[in-house]
């Protein structure tokens, strides 16, 4: 089954069977990165452009590694040192990239909807690598894949997403993804960091972390963005941590096969205690590992719409 | 016929038959970028360094894509984060790159003549990717190629270059190139943006855009650099646009097979109306597409002086 | 013989036979960069990350070229535009890179010991590309290789290292390397730029450059870091140059087969006269050329611990 969309813009646009297709494809790519020679010729001669308007380490490098392990030509460019400082519109910039016969544009941008806007004007495929506080679909897909490796079914799985929900593209994409897969999602955090209209998200809401921990199968801890404090949304990091930091003491009340996740970068001691981040329940680094496989799968599925090799993982 | 020069420094140094050689070679490379697998092994094991002192999106990426589609190893470096901040001379920097056995150095620099100076001290080939207000030869070559795809002959072709001529390396390189190919060139703009000694350029001069439009076969609209206004060379962008912006109204007076070009990045609404930039006369994105082919041709011709494959576009 | 260490952190940790192994391996790689097709498939499918916290031209590019000539996938990232600005610890950043199955992390960092710290927490190999004023082992190895190409034996060779010794990782690594190989090392400079406890380094100390020149087989001129002047460690660059700049006049007193070295970037006219830097005694650019070979050797030896091709230089 080929993927239906030209682009990967958000989880909201995906149907459940498309999500499963992506996860299944990603699963087959995991093994490529465990080989002594981590490289397949699948996307040889394809041009993939990583266009990052916002700073990023893990996402940009994860996409670049994914592209290179598929033998694609990967081109990086970040906003600094580019034509935007010369007054060029975003659309003109990406049309130029398409005119150079880029196959896939991976784009991170601070404006919500930027990737959607661009995709609607291009024939080239666009992958949204994060657009403002809107969506970060590859993060949600790698999170799903990491959970799916460890539980029998996502249906009914009790997932609690903790922290800065209102302003988090990771939270939004994960809520969409988890709900589509039938999980039972609770968002948990101080009132100022939860969305005003959470009903439309079809999730449970809690302000009491200690209360929800015992029943959770998965805890997704979100990064506290320190700039929230300046905006008066957080009284103090210390107070936040007292109520919402995942500590060993809190973990003691959890189910014994709890999964602890974090999209990174981690503020150790703020939203998660270092001993928990590095402890036995943590699958944080598995998320990172799976990120490469999910991105390889997406590059393959989108570039593959024009017909490429039968066996994408043949060396 | 091999190319006579070690370097591509400016159009001024090229003879007509060399220009034709480059365009013919570029034409054969266009098709490579239209294949499903956009890659040939022609420059495998060659090292190409993109050394950009000034910000650039399209030129740097175009060269990087060109190098990668030829299977060369492409290395980027920009001034920020480099040794110049440690007081190293430009010549020492590039001698270091040559000592690492770089084959071709693609260089953009703010100082006119920088590429010529460097080339005279290196055995490695140098491609000038823009040196101050002096030359931007690959832009002129891709412009020629784009025109040549659409007209029967360049001899006698009436080309009007509009805007900031005095400070434009694009204008200078295009004037040299078009004159060598026998075109009839007019430069058009406000007095403050035209060169003082335009006689030596052997071009017609006009300050009246509306007057020259009806007879033009090609209009090359140049980017207005907003910083000119600060230097009092432009009274206001608005006034400039009233006189020199290519609008649909002005276009109505043009020949029906007019070609509209722009080297980018575009200031939409300043030197060109959005509907014209995106309209049927515009070949702006073809210029960008051909840029990759021209750069592939140059990398091949210069690296090929040491003898490489017979068929450069064999997959 | 395989290399014993997982990492290359400093010369201090290496035994003499390991240094010889690295130099011998590097010698076999020199020829690869002299071929028309400068590329071998030795590290195909390996992922090498160049993580540079401090500005660098030659070292980063040298590592990138080395990786690409071995067909490895090379990923660059510098501190700016990364997660450190988001409060992530260095250890979390590199654990992420390891989770993406990076094989080798090449790291430059301003903090002495940073590479050692990281290496002790990773299974991936770490190469120290300079850590504060501590060590720069690949520079010392390429210096040794460059000397070894020109002299019969390092044992007893009289090497004078001149300039800013106290704050130079290049000086430290070279002192360790030269002493292990049996050379007779003198450090020479103004008191403020020599280490307080030079006894522990087992080197001769001189404040009189003119006195030591006649007996030297090798002069290693170090870069004067201009910021020292601001810290009052240098009275003035002019005074420094009068006493320690290697001028033609000083060179006249030297042995006729003297070797003049400099790690770059050069401050021409400060620590070395331009005519000497470019003169017949200078092997400065040979150092740069050998840098690529030494780095290819190290990438091969460290990545090769997991077993790769028999003949690393087969095309």
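Chains as they are written, first to last, in the working numbering: chain P, 180 to 494; chain Y, 180 to 494; chain D, 180 to 494.
Glycine included, C-beta positions come from ideal geometry on N, C-alpha and C.
Given the structure is predicted, the values throughout are model-derived calculations rather than measurements.
Three-state secondary structure assigned by DSSP to residue i
i, result
"residue 348 of chain Y", "helix"
"residue 256 of chain D", "strand"
"residue 467 of chain Y", "helix"
"residue 240 of chain Y", "helix"
"residue 382 of chain Y", "coil"
"residue 268 of chain Y", "coil"
"residue 221 of chain D", "coil"
"residue 330 of chain D", "coil"
"residue 461 of chain D", "strand"
"residue 274 of chain Y", "helix"
"residue 186 of chain D", "coil"
"residue 306 of chain Y", "strand"
"residue 354 of chain D", "helix"
"residue 474 of chain P", "helix"
"residue 248 of chain P", "helix"
Residue i and residue j closer than 7 Å at C-beta
i, j, result
"residue 199 of chain D", "residue 480 of chain D", "no"
"residue 201 of chain P", "residue 356 of chain P", "no"
"residue 284 of chain D", "residue 340 of chain D", "no"
"residue 305 of chain Y", "residue 298 of chain Y", "yes"
"residue 508 of chain P", "residue 425 of chain P", "Past the boundaries of the shown model lies residue 508 of chain P; chain P is included only from 180 to 494, so the question cannot be answered."
"residue 342 of chain D", "residue 368 of chain D", "yes"
"residue 286 of chain D", "residue 346 of chain D", "no"
"residue 384 of chain Y", "residue 403 of chain Y", "no"
"residue 251 of chain P", "residue 225 of chain P", "yes"
"residue 207 of chain P", "residue 451 of chain P", "no"
"residue 223 of chain Y", "residue 216 of chain D", "yes"
"residue 361 of chain D", "residue 378 of chain D", "no"
"residue 300 of chain D", "residue 348 of chain D", "no"
"residue 282 of chain D", "residue 482 of chain D", "yes"
"residue 446 of chain D", "residue 266 of chain Y", "yes"
"residue 358 of chain D", "residue 195 of chain D", "no"
Sequence-distant residues of the same chain with beta carbon closer than 8 Å to residue i, five excluded per side
i, result
"residue 192 of chain P", "184"
"residue 209 of chain P", "468, 469 and 472"
"residue 460 of chain P", "430, 433, 437, 438 and 439"
"residue 394 of chain D", "337 and 434"
"residue 455 of chain P", "425, 426, 427, 430, 439 and 461"
"residue 363 of chain P", "335, 336, 337, 338 and 383"
Residue i: first and last residue of the uninterrupted alpha helix (DSSP H) it sits in
i, result
"residue 312 of chain P", "Run containing residue 312 of chain P: none; DSSP gives neither H nor E here."
"residue 422 of chain Y", "416 to 423"
"residue 207 of chain P", "195 to 209"
"residue 439 of chain P", "Element bounds for residue 439 of chain P: not the alpha helix (DSSP H) but the beta strand (DSSP E), 438 to 440."
"residue 285 of chain D", "It is not in any alpha helix (DSSP H) - residue 285 of chain D instead sits in the beta strand (DSSP E) that spans 283 to 288."
"residue 455 of chain D", "453 to 456"
Boundaries of the beta strand (DSSP E) in which residue i is found, first to last residue
i, result
"residue 398 of chain Y", "397 to 400"
"residue 341 of chain D", "337 to 341"
"residue 299 of chain D", "Neither: residue 299 of chain D is in no beta strand (DSSP E) and is coded neither H nor E."
"residue 430 of chain D", "Element bounds for residue 430 of chain D: not the beta strand (DSSP E) but the alpha helix (DSSP H), 427 to 430."
"residue 231 of chain Y", "226 to 231"
"residue 389 of chain Y", "Note, residue 389 of chain Y: premise wrong, no beta strand (DSSP E); alpha helix (DSSP H) at 388 to 391."
"residue 370 of chain D", "Segment: none, residue 370 of chain D is in no beta strand (DSSP E) and carries neither H nor E."
Own chain partners of residue i with C-beta closer than 7 Å, once the 5 adjacent residues on each side are dropped
i, result
"residue 474 of chain Y", "241, 242, 245 and 317"
"residue 423 of chain P", "341, 342, 368, 388 and 450"
"residue 260 of chain Y", "Unreliable placement is indicated for residue 260 of chain Y, whose pLDDT of 43 sits below 50; the coordinate value is still reported in the next sentence. Nothing listed; no residue qualifies."
"residue 412 of chain P", "371 and 372"
Chain B within 7 Å of residue i, Cβ atoms only
i, result
"residue 465 of chain P", "This model lacks chain B altogether, as its protein chains are P, Y and D."
Spatial neighbours of residue i in its chain, beta-carbon cut-off 6 Å, leaving aside the 5 residues before and after
i, result
"residue 293 of chain Y", "310"
"residue 186 of chain Y", "298, 304 and 305"
"residue 239 of chain D", "229 and 231"
"residue 254 of chain P", "228"
"residue 234 of chain D", "none"
"residue 420 of chain D", "449"
Contact test: residue i Cβ vs the ligand FMN heavy atom, cutoff 6 Å
i, result
"residue 432 of chain P", "By its list of ligands, the structure shown contains no ligand whatsoever, and the ligand FMN lies outside what it can speak to."
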